[in-house]
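First to last, the protein sequences are chains A and U. Here the first sequence is numbered in the numbering used here, starting from 1 and rising by one per residue. Here the second sequence is numbered in the numbering used here, starting from 334 and rising by one per residue.
Number of protein chains: 2
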Amino acid sequence: MDERITLAHGAGGRQTAELIDKVFRAHLGSEHLTADDAAVIDMPSSGRQAISTDGFIVSPWRFKGGDIGKLAVCGTVNDLASMGAKPMYMTAAFIIEEGFAAADLEEIAASMRRTADAAGITVVAGDTKVAGKGQADGVFITATGVGLISPGVHTSGSLAADGDAVIVTGDIGRHGCTILLARTDLGIDADVDSDCAPLWDTVEDVLSVCPDVHVIRDATRGGVGTVLYEIASQSGKGIVLDRDSIPVDGRVQGVCDLLGLDPLYLACEGRMVIIAPHERADAVVDVLRRHCPHASVIGHVTSSDPGRVIMTTPLGTGALLPYPRGELLPRIC
Amino acid sequence: MDERITLAHGAGGRQTAELIDKVFRAHLGSEHLTADDAAVIDMPSSGRQAISTDGFIVSPWRFKGGDIGKLAVCGTVNDLASMGAKPMYMTAAFIIEEGFAAADLEEIAASMRRTADAAGITVVAGDTKVAGKGQADGVFITATGVGLISPGVHTSGSLAADGDAVIVTGDIGRHGCTILLARTDLGIDADVDSDCAPLWDTVEDVLSVCPDVHVIRDATRGGVGTVLYEIASQSGKGIVLDRDSIPVDGRVQGVCDLLGLDPLYLACEGRMVIIAPHERADAVVDVLRRHCPHASVIGHVTSSDPGRVIMTTPLGTGALLPYPRGELLPRIC
C-alpha cells in the first residue's frame, strides 16, 4: 500500500479497505473483527460490567518505554482494573493526519497487539478516519474497554474510609518525566523510561488478599497528587501523606529537583493508588512487591480535614499539598 | 467557566473538573457517570452483545439537520441496530482544539443528550482531551456503543442470499449532499438537510415482521453504492439494482446533476440497506414506510456476478456500477 496515509484511506472505499486489511486486520485481527457495523461479543451471563473510554493524543507518539498503541491498551486495561474488572474486550478508533507514515501506523498496531495479548484483552472493533494535513497532529487513538467486575468487589473513590491505608503500586512519575524530557530541550540527559504497563494481573493479586479494597485508581493525567485530591473530594475525607514514604526513582527526582517540579503531579501510566482497610495494608504491599519492589504505604485516610491532602515530614510538621493545577505539559497521554 | 477551551481544560486539574461539571455532567449526567475510572453497567443476564466504535470528525460540526453531537449518537445507535441490537449504553470521548468556544461545546453536549434520550441510549462514560491550537480542528468525538442483540437475530453482510430483496429505508444521499453544500462555495442554493437520525425503532419494526432478515447495514461513508459493494464482497454474491427504483429527493438529484455526481455514493446518516428474503420484502417495506414514505425495494441478490453490483435500466440493459472510490469530501462524518 501507499507509504503515506492519504485522505482516500479515510474515505470508505478501496484504499480504506486496503488500510484495514494490511495494517489493522493484519495486526489486530480476530474472529470478532468483521466487516459488519459492530462486533458480536460474548460476556459471561452474570456479573456487573465496567466500561471505560479514553482518547490518547500523546506527543511524541513514540517514547522511551512505549508508544501511543501500547499506551491506549494500558490505559484501557488499567481503567477497567480500577473497578476490579477483568478486561475482556476493547475497541480502537484512529484519527490519522494525512501524510502519516503507514509504517509508523503498523508499528503502533503491532504494539497494541503485543500489549493486548500480554494483558489478555481482545480488540474487537475499530474505526479509521483521516483528517487533512494540519487538522490533526499525527495520530490520535480513542480506546474503549469492557470488563467483567469480580463478584463482591466494589471500588470507588467515594469509599475511602477513616483509617484506611493509602498505597502506591510502585515508584511514581516516570511517564510524565519521560514525556517532559522527550518534548522539551532542557539539556538534561536522564535515562528515564515510562512506567506504561497493563496492571490487571497486579489488581487480581490485590483482590486475592483484599477483596474488600475500597479504592483503586489509575494515577495518569495529573499524577498521584491529583488522584488523591479527587478521592478526598469524592469521599469527603482527608488524606495524610508521609513525604519520606513516597517512592520516586532517583533519576526522576533529579529531574524534578533541577526543574522545581513535584513528582506527585507527574503522570504515571502503570501505577495505581490503592486505598485499603488498614489491617490489610501489609498483605497488599506484599503482593504488590511481587510486581514492583517499590510498592509502599504512603499515608492514610482521616475524617479530619475533609477534602484536603496533607503532607507530613519526619519532623512531624504538616502542610497542605497544593491543589493540582493539572499537567505541566499538554498531550501527556 | 472560561468562554474558550484552554489547554488547562484537558490537563486533569481544576479546569478539567469544571468543564466536566458544567458542560458534560450538566447535559449528559446520569447515575452511571461518576468520577471513577470506568462506569458500572448492568446488562440483562442473557443474550449476545454488540459493540461498535466510530470517530466523528465532520466539518463543519454544525450542519442543516444536525451537528457532530447528534451525529455521534445516531452513528452509534445505527451501528448497533445494524446487528439487530437494542442500543443500551454508549461512551463519548472528546478531543477539543484549544480555543474552541465553550458555548459550542455545550450546544453539542445538549444535542447529544436530546438524541440519546430519543433513541433510548444512555451515555455512561466520557473523556476530555485538549490539543493545542492547530493540532486538531475544532472538536472530534469518538463514540462507542454497547447493545443487546435480539434473540434469534443474526445479521451480517456475509448472509446475503440468492433471490433476497435489497431495500433502502428512505431516499438516499441527503447527508453527503448537505455537507458538500456547506463546505464548498458552488453557488448552488438547494434547501437540503441531513437525513441524520437514530434508527433502532425502524429496525425493531423490521425485526417484528422479518426476524430472519439477512443484512442490515448503515449506509454512511461512501453511501449505498459502497455498502452494496461491501456486501457483495462479504457474501460472494452479486447485486442487481433497478435504477428507477432508487429513491432520491429531487433537490439532491438536482445537485448531483449539476455536479455530475451519483447519489449512490453520497453518505447517509439515517438510511439503511436491508437485505431480506424475497417473500418478506413487501411486509418490510410496509413497516419501513411508517417511518419514511420513500422506503423501497431497489434490487435483488443473485448468485451470478459474484462480488459485483449491476445497474439495470427500464430498457433492460445492465451495466456494472463503478467500484466506489470513497467519498468526494473528507470529513463527511
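Ideal Cβ placement from N, Cα and C applies to all residues, glycine included.
Burial check for threonine 313 (chain A): the Cβ neighbour count within 10 Å stays below 16, so the residue is exposed.
In the pairwise beta carbon analysis, the segment 408-417 of chain U is classified as not touching the segment 437-444 of chain U: fewer than three pairs are separated by under 8 Å.
In the DSSP assignment, histidine 633 (chain U) falls within the unbroken beta strand (DSSP E) covering 629-635. Per DSSP, the continuous alpha helix (DSSP H) segment holding arginine 507 (chain U) begins and ends at 507-516. Arginine 174 (chain A) sits buried, since 16 or more C-beta atoms from the chains shown fall within 10 Å of its C-beta. Taken in chain order, the complete beta strand (DSSP E) segments of 3 or more residues contained in the segment 570-615 of chain U are 571-575 and 605-609.
Short of 6 Å from the beta carbon of glycine 569 (chain U), and not among the five residues preceding or following it, lie these beta carbons of its own chain, in chain order: Pro639.
The Cβ of valine 391 (chain U) sits no closer than 7 Å to any Cβ of chain A. At a Cβ-Cβ threshold of 7 Å, alanine 628 (chain U) and threonine 517 (chain U) do not count as neighbours. Approximately 13 Å separates the beta-carbon atoms of alanine 38 (chain A) and methionine 605 (chain U); this is outside 8 Å, ruling out the contact. For a cut-off of 8 Å, the C-beta gap from alanine 81 (chain A) to isoleucine 149 (chain A) is around 10 Å, too long to register as a contact. For proline 87 (chain A), no chain U residue has a Cβ inside 7 Å of its Cβ, as the nearest lies near 10 Å away.
One thing to note: alanine 469 (chain U) has its Cβ no nearer than 7 Å to the Cβ of glutamate 439 (chain U). Within the DSSP secondary-structure output, aspartate 460 (chain U) pairs in a beta bridge with U:Ala426.
Three or more beta-carbon pairs separated by less than 8 Å are not found between the segment 530-543 of chain U and the segment 648-658 of chain U, which leaves the two stretches without contact. Around glutamate 327 (chain A), the beta-carbon contacts reaching into chain U at under 7 Å are Ala344 and Gly345.
Proximity of the segment 452-467 of chain U to the segment 39-57 of chain A meets the contact definition, three or more beta-carbon pairs being nearer than 8 Å. In the three-state reduction of the DSSP assignment, methionine 112 (chain A) falls in the helix class, which pools H, G and I.
By the 16-neighbour rule on beta-carbons within 10 angstroms, aspartate 286 (chain A) is exposed.
Between the segment 151-169 of chain A and the segment 473-492 of chain U there are fewer than three C-beta pairs closer than 8 Å, too few to call the two in contact.
Flagged as an interface residue toward chain U: serine 52 (chain A), by a C-beta distance shorter than 7 Å.
Against chain U, the CB of lysine 129 (chain A) has a partner CB under 7 Å away; the residue lies at that interface. Counted as a single uninterrupted DSSP element, the stretch harbouring alanine 652 (chain U) is not any alpha helix (DSSP H) but the beta strand (DSSP E) occupying residues 651-653. With contacts defined by Cβ atoms closer than 7 Å, isoleucine 607 (chain U) and isoleucine 564 (chain U) do not form a contacting pair.
Within the segment 10-43 of chain A, the complete beta strand (DSSP E) segments at least 3 residues long are 39-41, listed from N- to C-terminus. Close partners of leucine 340 (chain U) in chain A (Cβ separation under 7 Å): Pro330. Of all residues in the segment 543-569 of chain U, the ones placed with a Cβ closer than 7 Å to any Cβ belonging to chain A are Arg550, Asp551, Arg554, Gly555, Thr559, Glu563 and Gln567, in chain order. If you draw a straight line from the Cα of valine 252 (chain A) to the Cα of alanine 190 (chain A), it comes to about 8 Å.
Residues are counted here when their Cβ sits less than 7 Å from a Cβ of chain U; for the segment 253-282 of chain A the count is zero. A distance below 8 Å between beta-carbons, with the five flanking residues on each side excluded, links aspartate 504 (chain U) to the following residues of its chain, in chain order: Asp528, Pro580, Val581, Asp582, Val585, Arg604, Cys625 and His627. Scanning its chain for C-beta atoms nearer than 6 Å, with the 5 sequence neighbours on each side dropped, one finds around leucine 597 (chain U) the residues Gly556, Val557 and Gly558, in chain order. The CB of aspartate 370 (chain U) comes closer than 7 Å to the CB of Ser52, Asp79, Ser82, Met83, Arg217 and Asp218 in chain A, given here in chain order. For serine 156 (chain A), the residues of chain U that pass the 8 Å Cβ criterion are Thr367 and Asp369, in the order they occur in the chain.
Here isoleucine 500 (chain U) really is in contact with alanine 609 (chain U); their C-beta atoms are around 7 Å apart, less than 8 Å. Using a Cβ-Cβ cut-off of 7 Å, aspartate 137 (chain A) counts as an interface residue toward chain U, since at least one Cβ of chain U sits closer than that to its own. Assigned with DSSP and collapsed to three states, valine 499 (chain U) falls in strand.
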